[in-house]
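These notes are about the structure you will find just below.
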Amino acid sequence: MMSDGNQDPFKSVGRKPGLQIWTINNMQMVPVPAQGFGNFFEGDCYIILHRKGSGQSADIHYWIGNSSSQDEQGAAAIYVTQLDEFLGGSPVQHREVQGSESPRFRSYFKNGLIYKKGGVASGFHHVDTNAYNILRLLHVKGRKHVTATEVEVSWNSFNNGDIFLLDMGRAIVQWNGPKSNTREKLKAVLLAQDIRDRERGGRTQIGVVEGGDERDSPELMKVMAAVLGQRTGPLKEAVADDKPDKVQNTNVRLYHVFDNSGNLVVQEVATQPLTQDLLHSSDCYIVDQSGSSVMVWKGKQASKEERHEALNRALGYIKAKNYPSSTTVEVMSEGGESAMFKYLFKSWSDKGQTQGLGTTYSMGKIAKVDQVKFDVMELQARPELAAQQRMVDDASGEVKVWRIENLELAEVNPSTYGQFYGGDCYLVLYTYRRSNQQQYILYMWQGRHATNDEITACAYQALDVDNKYNGAPVQVRVVMGKEPRHFLAIFKGKLVIFAGGTGRPGVVNPDPDPGARLFQLRGTNELNTKATEMQARASSLNTNDVFLLRTDHLCYLWYGKGCSGDERVMGRAVSDVLSKQDKQVVMEGQEPAEFWVALGGKAPYASDKRLQKEEPPHSPRLFECSNQTGQFRMTEVDDFAQSDLDEEDVMLLDTWEEIFLWVGNSANQHETKEAWTCAQEYLRTHPAGRDPDTPVICVKQGSEPSTFTGWYNAWDPHKWSVSNSYEEMKKKMSDAASLSQISDQTNTYLSKSPVGTNGGGYRAPGGPVTSPSLYRDHGGNLLFPSSPAGGNVSPSAGGSGTFLNPELLIDKSPSELPHGVDPGQREDYLSDVDFENLLGTGRSDFRRLPKWRQSDLKKKAGLF
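Going left to right, the sequence shown walks through residues 1 to 864 as full-length UniProt numbering numbers them.
Encoded structure:
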C-alpha cells in the first residue's frame, strides 16, 4: 500500500450500499464520520466511495480542494487506483474539482455542499457534534446543485442576488437577497435544516429575513445588527454563477491512447455517433466531449501498466489539449461502464444480450415483452411495471378521435377508428380510470405528408382540448410509423396506416401505386398489431413478416418463412379491415406469376431471419431544461427522486424509448410553450444519434401517469396536494415563539461568550477567525471593538480566542470589563504584540515564570 504508516488503508472499506468518505491526512486515508458528510475543507483532498443497491456497482470519486497541495492530490490519485484494484477493478473512477463537481457527485449530497476554509493539517476537525460556540457566514448559491462557502462575517460579503446563512450555533438566520428566487430560498432553508438536524441534534432555531423587506423582520434584523453591525452603503450587485450549465455536445470523439517509449500517443479512432465495436478489449480509449468531460475506457485484456496508468494518461491528455484543470474525468473498466458512457454510443449491448440478425425494425425490438398479459390492477399497483411496459392500463378505456380539417377539429366516424392517413393529422383522446378518478391521454398523430399548417394546428387544437379538461391530459406527440405501445393497443389489432391521402369524407384518394397496394402486417396479439402501407414493390417484402397485396381483382395474403403462427393469425384479422374480399394465401417461395407482376417484377428483399429481441436497457436520465441564455442548456439530475421535480421548471425524463416532459405548476409560460422544441432539440443534439421521431410525452404536475411515476422510487401521489412550499416552511420557522427564542439565545450567546470562533466552530490552534469579536460594556450595550491596527479583533494564540484593545483591559475594575472577560486572566485577551509591549516578555516565556513574578508584571501593566 502507499505508506508504512498506513499498512491497510482499506480496512474500513465496507460492503454495504451507501456512502463512505475519507480525507487525506499526512498522506494517509482517514475516515470522515457521517455527521461530516457534505462538509469539505478547501485545503484537503477526499476519497468518496458510493455503492448502489445489493450488487457490486460502485463509484469512486476523489475530490480536490482549491487550496490542497500537489502532494495531497497525488496521494489521493494513488489511493483511488489502489482502492479500485482492492474492489476488483469494477468501480467507475471520477476526478472532482471544487466548484466543478459532476452531477453524480452532487447527487450524494441532496442538501448541498459546504466549502470550509482551512484543512485537517491546520488542526480543523470535521465533526464536533452539538457544538454551539460557532459563528460563521455561509454564502449559498445554486437552484439545483447547492454550494455553501464560508466567507468573512461582514456585511461586505453580502450581495443582493444570493442567499446567506448567519450561523451562530444555537440560531441560524437566513438572509435572502432581494433578487434571489424561490427555488434558491427553498434550497437554502433545506440546507439550514440539515445543519440543524445533522450537526446540532435539532436544537438550533432558524429564522428567515427577506432582504427586500427587512422591516418585516425587526427582531431578526436586530440579531444581524448585533453580530454584523449596522450596514452602511448599498449592497453589491448579484454575483453571476461561475459556470453556466453545459450544452449537450454532439462533438464526441474516440481516441486510442497508448505509451510509445515514454511518450503519450493519442490517435483518433472515430467521431459520433460511436458504435460499441470500435472498442477492443486489448486497448484503452478516451472519449472526449469537446473538453466538457473526458472518459477513459480500460479493456479487460489491456496490460496491467496501461490499466494502472489510465487516470494519469487522462490528466496528461487534458493538459496536452489545454483543457481547464477542472475538466471532469471518469475512468471505467470493460463491463463496468457508466450509464453516461453508454449513452454516447448509438447502440450498446451488455454481455449476454441477444443479438439480432438482418434488417431490424422498431417494432421488432419489443416482441418479447409484448407477450405479457396486462392486468390493469397490477399495472396500477406496480407503476414500475407500467413504466417498463409503457402501458398505463390494458387499453380498455374510451377512445375519441378527431381529424384536422381546414385547421379545425372534425370528429371521426367511430366505424373508421384506427385508420390513419399519411396526409392528415389526428387527435386521439383516451380516457381511463385510476384510483376512481378519470385520467386522460391526448395523442397528437402527425402524418408524414401533412402540411406544416396542419401540424401546427394539431398542436394548437391539442392545447384547446387540454384546457377543456383543466390541463389534466397527458399529451403525446406521435410521428407516423413511430406509434408507442399503448397507442397500438387501444385500437385492438385494427390499426391501419395509409402511406398518404386523407380520410376526409367525400375525398377520393388516388392510389399511390395504380393497380396494387401493399401493406405490411405486424404483430402477435391485439395489443401490438398494425398494418402499414408500403411501396408496392418486391423490395418492400421481408421474410419475417406477413403482407397483404391488394389488386383490382385479387387480394394476396403473403406469409414470410420467418413469421410465427400468432403473426399469421393477427395478419389475417387486420387484413379484413383493409379488404372484405377473399384472400389468396401465398407462402414465400410459392408465389404465382401474377403476384410478381402486380409488384412490378421480382427483386431482392430482406431475407435474413430477424431474431426478436428486447431493446437494450438504458438507465433513465432526468434533466432540468433551460434556454434562458438563448442556447439550449441542460442540467442533469443524477440519482434522481420525485423531490427533484422543480415546480418552477420543465424537466425532461429520457427513458430512451420515450421522452417525457414534466411541466411544473409554476413553470413560466415561455418555458411551457418551448417544451416541445426543447425535447426535439435534445434528440437532435444527442451524441448517440437518436431517432428524432422518438415519442414525446408531456405530463403536468399532479397528473402524472404510471408510465412516468414508475421510473421513480417511492413515488408519493399526495406530494403535490400537501403544501410543503418555501412559504409554508418559512411560516413554520418564523412564528413568534421561534423569533423570541432566536433573540434570547443570541443575547445569551453574546453576553456569555467573548470567544471568537473559526468558521464552523472547529478550533484550529493559531488559525484565523473570520468573525468580529462581540462583547458588552458594563451597561449591557453591544460593542464592536477594534484591534490596535484599526481592524476587527483577531484571535489570541492563548486560550481565550479573542484580541481586545488594551485600553479596554488596563486599570479597569471587574464591573467595567466586557462581559465574559476573566478579570484574573486579562493578558489572554491581548495580541502577541500588545502582550510583549505591556509585559516585557513573550507569551510562552511569561508562562514559565513563577506565579508571584507573573502577578508583579501584571500589576505594573495595570492588568491585575
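All C-beta atoms, glycine included, are put in the ideal place defined by N, C-alpha and C.
Inset, instruction - Ignore the nearest five residues each way along the sequence and tell me which others in Pro850's own chain have a CB closer than 6 Å to its CB. - result: For the purposes of this step, residue 850 is identified with residue 850 of the sequence shown, where counting begins at 1. By the criterion of a C-beta distance shorter than 6 Å, Pro850 is surrounded by no residue of its chain, once the five residues flanking it on both sides are discounted.
Inset, instruction - Select from Gly418, Leu191 and Tyr426 the residue whose C-alpha is nearest the C-alpha of Glu405. - result: Start at 1 with the first residue of the sequence shown, and residue 405 comes out as number 405. Comparing C-alpha distances from Glu405 to each of Gly418, Leu191 and Tyr426 shows the shortest one belongs to Tyr426.
Inset, instruction - Answer yes or no: do Leu683 and Leu653 have a C-beta to C-beta separation smaller than 8 Å? - result: Translated into positions along the sequence shown, residue 683 becomes position 683. Translated into positions along the sequence shown, residue 653 becomes position 653. No, the pair does not count as a contact, with Cβ atoms beyond the cut-off.
Inset, instruction - Name the two residues that bound the continuous alpha helix (DSSP H) containing Phe86. - result: The count along the sequence shown starts at 1 and reaches residue 86 at position 86. Per DSSP, Phe86 belongs to the alpha helix (DSSP H) from Gln70 to Phe86.
Inset, instruction - Could you work out which residue in His50, Asn156 and Leu344 is closest to Arg104 when comparing CA atoms only? - result: One-based indexing of the sequence shown puts residue 104 at position 104. Nearest option by C-alpha distance: His50.
Legend entry - 8 Å Cβ shell around Gly840 - same chain, five flanking residues per side excluded: Here residue 840 refers to the residue found at position 840 of the sequence shown. Closer than 8 Å at Cβ, skipping near neighbours: Leu857.
Legend entry - CB contact flag (Val597, Tyr556, <8 Å): As a first step, residue 597 must be located in the sequence shown, where it is residue number 597. As a first step, residue 556 must be located in the sequence shown, where it is residue number 556. Remark: C-beta atoms of Val597 and Tyr556 do not approach each other more closely than 8 Å.
Legend entry - Through-space distance from His553 to Glu411, alpha-carbon basis: Sequence index remark: in the sequence shown, residue 411 carries index 411 (1-based). Sequence index remark: in the sequence shown, residue 553 carries index 553 (1-based). Distance between the alpha carbons of Glu411 and His553 is about 33 Å.
Inset, instruction - May I ask which residues mark the beginning and end of the alpha helix (DSSP H) holding Trp852? - result: As a first step, residue 852 must be located in the sequence shown, where it is residue number 852. From DSSP, the alpha helix (DSSP H) with Trp852 extends over Lys851 to Ala861.
Inset, instruction - Over the uninterrupted alpha helix (DSSP H) stretch that includes Met444, give me the two end residues. - result: Start at 1 with the first residue of the sequence shown, and residue 444 comes out as number 444. Where Met444 is concerned, there is no enclosing alpha helix (DSSP H), although the beta strand (DSSP E) it sits in stretches over Gln437 to Gln446.
Inset, instruction - Can you give me the Cβ contacts of Glu636 inside the same chain, cut-off strictly under 6 Å, excluding the 5 residues immediately before and after it? - result: Here residue 636 is taken as the residue at index 636 of the sequence shown, counted from 1. Correct list, in chain order: Pro103 and Phe623.
Legend entry - Which of helix, strand or coil DSSP assigns to Arg848: For the purposes of this step, residue 848 is taken as the residue at position 848 of the sequence shown. Arg848: helix per DSSP, three-state reduction.
Legend entry - Start-to-end residues for the alpha helix (DSSP H) that takes in Arg485: Walking along the sequence shown from the start, residue 485 turns up at place 485. For Arg485, the uninterrupted alpha helix (DSSP H) run begins and ends at Arg485 to Ala489, by DSSP.
Legend entry - Option in Leu135, Val13 and Phe41 with minimal Cα separation from Tyr79: For the purposes of this step, residue 79 is taken as the residue at position 79 of the sequence shown. Minimum Cα distance to Tyr79 is reached at Val13.
Legend entry - Exposed unless 16 or more other CB atoms sit within 10 angstroms - verdict on Asp424: Working through the sequence shown from its first residue, we reach residue 424 at position 424. Counting the other CB atoms within 10 Å of its CB gives Asp424 a total of 16 or more, which places it among the buried residues.
Legend entry - Glu42, DSSP secondary structure in three states: Locating residue 42 in the sequence shown gives position 42, counting from the first residue. Glu42 falls in the coil class under three-state DSSP.
Inset, instruction - Count the other CB atoms, across all protein chains shown, that sit within 10 Å of the CB of Lys11; report buried if there are 16 or more and exposed otherwise. - result: For the purposes of this step, residue 11 is identified with residue 11 of the sequence shown, where counting begins at 1. The residue in question, Lys11, is exposed, as its Cβ has fewer than 16 Cβ neighbours within 10 Å.
Legend entry - Straight-line Cα distance separating Thr709 from Ala314: Here the question's residue 314 lines up with position 314 in the sequence shown. Here the question's residue 709 lines up with position 709 in the sequence shown. Ala314 and Thr709: Cα-Cα distance of roughly 39 Å.
Inset, instruction - State buried or exposed for Ile64, treating a residue as buried only when at least 16 other CB atoms are found within 10 Å of its CB. - result: Translated into the one-based positions of the sequence shown, residue 64 becomes position 64. Here Ile64 is buried. Its C-beta has 16 or more other C-beta atoms within 10 Å.
Inset, instruction - Return the residue from the list Asn322, Pro414, Lys700 and Pro814 that minimises the CA-CA distance to Ser666. - result: Start at 1 with the first residue of the sequence shown, and residue 666 comes out as number 666. Measuring from the Cα of Ser666, the nearest candidate turns out to be Lys700.
Inset, instruction - Note down the Cα distance separating Leu830 from Pro806, rounded to an integer number of angstroms. - result: Residue mapping note: residue 830 aligns to position 830 of the sequence shown, counting from 1. Residue mapping note: residue 806 aligns to position 806 of the sequence shown, counting from 1. Approximately 7 Å, taken between the alpha carbons.
Legend entry - Inter-stretch contact (C-beta, 8 Å, three-pair minimum) for the region 480-491 and the region 528-537: The region 480-491 vs the region 528-537: in contact.
Inset, instruction - Check whether the Cβ of Glu836 lies closer than 7 Å to any heavy atom of the ligand NAD, and answer yes or no. - result: The ligand NAD is not part of the structure shown, which contains no ligands of any sort.
Legend entry - Other residues of its chain near Tyr559: CB distance less than 8 Å, five sequence neighbours each side excluded: Position 559 of the sequence shown holds residue 559. Excluding sequence neighbours, Tyr559 sits near Val546, Arg568, Gly571, Val585, Val586, Met587 and Glu588.
Legend entry - Buried/exposed call for His145, threshold 16 Cβ in 10 Å: Looking up residue 145 in the sequence shown gives position 145. It is buried - the Cβ of His145 has at least 16 other Cβ atoms within 10 Å.
Inset, instruction - Could you give the DSSP three-state label for Val507: helix, strand or coil? - result: On the sequence shown, residue 507 is found 507 positions in, with the first residue counted as 1. Note: Val507 maps to coil in three-state DSSP.
Legend entry - For His256, the nearest candidate out of Leu19, Leu279 and Asp393 (CA to CA): To locate residue 256, count along the sequence shown from 1; it is residue 256. For the residues Leu19, Leu279 and Asp393, the minimum Cα distance to His256 belongs to Leu279.
Legend entry - Contacts around Arg15, its chain only, beta-carbon distance under 7 Å, and the 5 residues preceding and following it disregarded: Locating residue 15 in the sequence shown gives position 15, where the first residue counts as 1. Closer than 7 Å at the Cβ level, and outside the excluded window around Arg15, lies no residue.
Inset, instruction - Could you name the residues that DSSP lists as bridge partners for Tyr432? - result: Position 432 of the sequence shown, counted from the first residue, corresponds to residue 432. Paired residue(s): Gln439.
Inset, instruction - State the DSSP-derived secondary structure class of Leu809, mapped to helix, strand or coil. - result: In the sequence shown, the residue the question calls residue 809 occupies position 809. Coil at Leu809, not helix or strand.
Legend entry - Element boundaries [beta strand (DSSP E), containing Lys187]: Counted from its first residue, the sequence shown places residue 187 at position 187. Here Lys187 belongs to no beta strand (DSSP E); instead the alpha helix (DSSP H) covers Thr182 to Glu199.
Inset, instruction - Note down the Cα distance separating Thr81 from Asn25, rounded to an integer number of angstroms. - result: To locate residue 81, count along the sequence shown from 1; it is residue 81. To locate residue 25, count along the sequence shown from 1; it is residue 25. Cα to Cα, the separation comes out at about 18 Å.
Inset, instruction - Grab me the residues of Leu220's own chain with a C-beta within less than 6 Å of its C-beta, minus the 5 sequence neighbours each way, in chain order. - result: Translated into the one-based positions of the sequence shown, residue 220 becomes position 220. Answer for Leu220: Val173, Gly207 and Val209, listed in chain order.
Legend entry - Boundaries (first-last residue) of the beta strand (DSSP E) holding Leu19: Sequence index remark: in the sequence shown, residue 19 carries index 19 (1-based). For Leu19, the enclosing beta strand (DSSP E) has its first and last residue at Gly18 to Asn25.
Legend entry - Straight-line Cα distance separating Gly824 from His778: For this step, residue 778 is matched to residue 778 along the sequence shown. For this step, residue 824 is matched to residue 824 along the sequence shown. Confidence at His778 is low in this model, with a pLDDT of 37, below 50, so its placement is unreliable and the value that follows should be read with caution. CA-to-CA, the gap between His778 and Gly824 works out to about 17 Å.
Inset, instruction - For Asn160, write down the residues that DSSP places opposite it in a beta bridge. - result: Counted from its first residue, the sequence shown places residue 160 at position 160. Answer is none; Asn160 lacks a bridge partner.
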